[in-house]
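Here's the structure we're looking at; comments come further down.
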Amino acid sequence: MATFGTSRIYLPPRPSFERALFWFWTPAFLWIGAIALFSGQAFGYSHTASFMARIFSLLHIHISARQFDFLHSVIRKCAHFTVYGILSGLFFRAFRGTHPSSRRWQISWAALALGISLLVASADEFHQLFTPGRGGTWKDVFLDMIGALFVQTIIVIFTAGNRNRRTRPPGGSGIRAQDIRVNDIPEPIRLTRPRLEDSGD
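My numbering applies: residue 10 is where the sequence shown begins, and numbers increase by one.
Have a look at this one:
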């Protein structure tokens, strides 16, 4: 609990090291491990094209080679966008869960999540330069960061929406009863219209 004059701000309790590591950081680092797995030779362009062709064959889907290449490329690019969007969200969650605050969003959490996403994306493309059947390019890093930034934007919109719903008084602009604390004892204060005395007219 933080105290400023007569106002009191209640902060969420800081989680223990074990809980923070297991609940917040483990999913984020496991996702980095999954990205490293996706960066291997088994997920190269030719391998995923062969896998996709087998699925189409089983489903009796017949398209031209040009349509197949286009669809295959779109799926791979969407995977880049989605994978790094999830990574960005997981690290935002980790920083927010480890450092409790009265606010649901802080720019430092978003900036750190985006910075880690950029670092992982760059390392991933650099690794692919030395992987047979793979190739690294800055264009994929750019696409990865678009996915990461998209998720951070969604988080901002979601947290701002929750804050607006929480602070908007019910029934429009009516004045509600408020609570203040004096020596930790809540005392409700109701704002009412003053009663006018009857003048007898």
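From the three backbone atoms N, C-alpha and C, an ideal C-beta is built for every residue, glycine too.
No experiment lies behind these values; they were computed from the predicted model shown.
How long is the line joining the alpha carbons of A45 and I70, rounded to whole angstroms?
As a working mapping, residue 45 is identified with position 36 in the sequence shown. As a working mapping, residue 70 is identified with position 61 in the sequence shown. C-alpha separation (whole angstroms): 32 Å.
Starting from W211, follow the alpha helix (DSSP H) in both directions and report where the run begins and ends.
Lying before the first or after the last residue shown, residue 211 is absent from the chain, which here runs from 10 to 210.
Reduced DSSP secondary structure (H/G/I, E/B, other) of S59:
As a working note, residue 59 is residue 50 in the sequence shown. Helix.
Given a threshold of 16 other Cβ atoms within 10 Å of its Cβ, counted over all protein chains shown, does G142 qualify as buried or as exposed?
One-based indexing of the sequence shown puts residue 142 at position 133. Classification for G142: exposed.
State buried or exposed for R28, treating a residue as buried only when at least 16 other CB atoms are found within 10 Å of its CB.
Walking along the sequence shown from the start, residue 28 turns up at place 19. It counts as exposed.
Taking one C-beta from the region 97-107 and one from the region 155-164 each time, how about it: are there three or more such pairs within less than 8 Å?
yes
R112 versus Y93: straight-line alpha-carbon distance, rounded:
The sequence position of residue 112 within the sequence shown is 103, counting from 1. The sequence position of residue 93 within the sequence shown is 84, counting from 1. Rounded to the nearest angstrom, the two C-alpha atoms are 25 Å apart.
Expressed to the nearest angstrom, what Euclidean distance is found between the alpha-carbon atoms of F77 and C87?
The residue you call residue 77 lines up with position 68 of the sequence shown. The residue you call residue 87 lines up with position 78 of the sequence shown. Cα-Cα distance, rounded: 15 Å.
Between which two residues does the alpha helix (DSSP H) carrying H81 extend?
The residue given as residue 81 occupies position 72 in the sequence shown. A74 to T107 is the span of the alpha helix (DSSP H), which, as asked, contains H81.
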